[in-house]
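Down below is the structure, laid out as structure tokens.
Residue numbers (the numbering used here), protein chains in the order written: chain A, 1 to 287; chain Z, 288 to 438.
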């Protein structure tokens, strides 16, 4: 069925008794159908609900991104670039043009959570997810959104409608690093996004979002704690990386061992923090 | 369910199943066999078409999503028997070997040049990052797109 509104989508989900699948860009569910890995009893096409396609900034400078905003829209949006350029940077390296044109931010955080790049930046920006359903609307911090691999905090009769991003701290810089077997077109093996506030070189605030190191996308709070209060020179990287290893558990796979991923995750983390610290904060005038 | 779409300017209406994909509608139902099908997972790019002016992966577009759409396939680039300049450039520059990736490459190139008429070689390479070619090694494909941009 095609849902022309959020209400119709919710009604469709309720009528399907938990087996209905929302179709936004549709790239993930279509791939699963093609591989005979999914046979949903009901496909609910939400791709034309224009209310979910907007990008706007509220009077208190919150960036609100509709769930159906595509990676291409994010990449091209001057509002996103002005408010949270980390998200622009992440969108640039997702997949390729034809998939960026279809893949949506809502779909990415729901369907590809622990393999998707945007979740890392959204975690580092303390984003929130707006969800609607028959029991009303609710807002969930993205940090609480991922329950475990493939399970998010969205009930079978609910729909993600928007992602809300507060502005990064003034005087903050950011970096994004990812690694996969090829330069493009693999599900990213490891991705890290960092937002660092270090006026006068001392790290006052640091937020690290990572994917590929745990069953879900995570904030590396152990590493964050050991970075806070330090300068580029005084940061104790052996201690930081040791604490970091305690809080991650990357699964070995057919190509890469757990040990390799652990080592690589530490390398990417250090590169990202170093890159962020090496930048001059962009001048940003709050609204 | 019934869908209606236009392909290369021609209107079509047909009954489809909900899980039919655009690639099969194009090839099997409507006879537009210029677009190729391979991985069916959105990785290889050989099924790339333009839908409502944007690049789309035809193997991952559900038939219902194509309802009401304007689709442009490789067959639609030729005008009055004349090849599009990108098609001509691919032939002239030896950018076609087995030809399987070629329609997807050309549609991707068309979208690139429509948005960025004078891309650098790096921009061309980045634009075709989602189109696999097993034959040519990509250099002549980049040459062909660069030359088409300059012509």
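For each residue, glycine too, the CB sits at the ideal point set by N, CA and C.
Distance check for residue j and residue i, CA to CA, integer angstroms please.
i                      : j                      : result
residue 350 of chain Z : residue 304 of chain Z : 8 angstroms
residue 355 of chain Z : residue 396 of chain Z : 25 angstroms
residue 142 of chain A : residue 234 of chain A : 31 angstroms
residue 287 of chain A : residue 414 of chain Z : Per-residue confidence for residue 287 of chain A stands at a pLDDT of 46, beneath the threshold of 50, marking its modelled position as unreliable; no derived number is given.
residue 291 of chain A : residue 417 of chain Z : This structure leaves residue 291 of chain A out entirely; chain A is present only between 1 and 287.
residue 32 of chain A  : residue 228 of chain A : 43 angstroms
residue 446 of chain Z : residue 184 of chain A : The requested residue 446 of chain Z does not occur in the structure, where chain Z is confined to residues 288 to 438.
residue 378 of chain Z : residue 386 of chain Z : 10 angstroms
residue 299 of chain Z : residue 291 of chain Z : 6 angstroms
residue 366 of chain Z : residue 316 of chain Z : 23 angstroms
residue 319 of chain A : residue 278 of chain A : Because chain A here runs from 1 to 287, residue 319 of chain A falls outside it and cannot be looked at.
residue 312 of chain A : residue 83 of chain A  : Beyond the ends of chain A as shown, which are 1 and 287, falls residue 312 of chain A; an answer cannot be given.
residue 137 of chain A : residue 248 of chain A : 33 angstroms
residue 107 of chain A : residue 52 of chain A  : 12 angstroms
residue 6 of chain A   : residue 159 of chain A : 8 angstroms
residue 214 of chain A : residue 380 of chain Z : 47 angstroms
residue 36 of chain A  : residue 348 of chain Z : 16 angstroms
residue 482 of chain Z : residue 408 of chain Z : Residue 482 of chain Z lies beyond the stretch modelled for chain Z, which goes from 288 to 438, so this question has no answer here.
Output needed for residue i: all residues of its chain with C-beta closer than 7 angstroms, excluding positions within five of it in sequence on either side, in chain order.
i                      : result
residue 156 of chain A : 13 and 18
residue 360 of chain Z : 294, 295, 313, 319, 321, 322 and 336
residue 255 of chain A : 181
residue 346 of chain Z : 308, 310, 324, 327, 329 and 334
residue 404 of chain Z : 436
residue 243 of chain A : 222, 223 and 226
residue 264 of chain A : 179 and 190
residue 260 of chain A : none
residue 240 of chain A : 223, 226 and 227
What do you reckon, are the CB atoms on residue i and residue j nearer than 8 angstroms?
i                      : j                      : result
residue 191 of chain A : residue 126 of chain A : no
residue 70 of chain A  : residue 121 of chain A : no
residue 197 of chain A : residue 238 of chain A : no
residue 194 of chain A : residue 276 of chain A : yes
residue 208 of chain A : residue 225 of chain A : no
residue 57 of chain A  : residue 75 of chain A  : no
residue 245 of chain A : residue 271 of chain A : no
residue 28 of chain A  : residue 112 of chain A : yes
residue 4 of chain A   : residue 48 of chain A  : yes
residue 258 of chain A : residue 252 of chain A : yes
Which same chain residues end up closer than 6 angstroms to residue i when comparing Cβ atoms and leaving out the 5 residues on each side of it in sequence?
i                      : result
residue 77 of chain A  : 55
residue 42 of chain A  : 16 and 20
residue 370 of chain Z : none
residue 199 of chain A : 171
residue 94 of chain A  : 71, 100 and 117
residue 432 of chain Z : 396 and 411
residue 398 of chain Z : 342
residue 45 of chain A  : 2 and 23
residue 176 of chain A : 89, 90 and 193
residue 186 of chain A : 180
residue 339 of chain Z : 356 and 357
residue 289 of chain Z : 302
residue 145 of chain A : 129, 152 and 153
Below 8 angstroms CB to CB, which residues in the same chain sit around residue i once its five sequence neighbours on both sides are set aside?
i                      : result
residue 230 of chain A : 202, 203 and 236
residue 72 of chain A  : 91, 97, 100 and 101
residue 188 of chain A : 115, 116, 117, 178, 179, 180, 211 and 212
residue 147 of chain A : 153 and 216
residue 373 of chain Z : 364, 393, 396, 397, 400, 431, 432 and 435
residue 376 of chain Z : 382, 431, 432, 434, 435 and 438
residue 390 of chain Z : 321, 322, 323, 333, 335, 360 and 361
Can you find at least 3 beta carbon pairs, one from the segment 321-335 of chain Z and one from the segment 50-67 of chain A, that sit closer than 8 angstroms? no
With contact counted as at least three CB pairs below 8 angstroms, one residue from each stretch, are the segment 127-145 of chain A and the segment 159-168 of chain A in contact? yes
Ranges of the alpha helix (DSSP H) found wholly within the segment 193-281 of chain A, counting only runs of at least 4: 221-227, 237-247 and 258-277
With a floor of 4 residues, list each alpha helix (DSSP H) that falls wholly inside the segment 5-92 of chain A, ordered by position along the chain. 6-15, 27-34, 71-76, 78-83 and 85-92
Minimum length 3: unbroken beta strand (DSSP E) runs contained in the segment 147-195 of chain A: 159-165 and 172-179
My parser needs the alpha helix (DSSP H) runs of 4 or more residues fully inside the segment 335-380 of chain Z; what are they? 372-379
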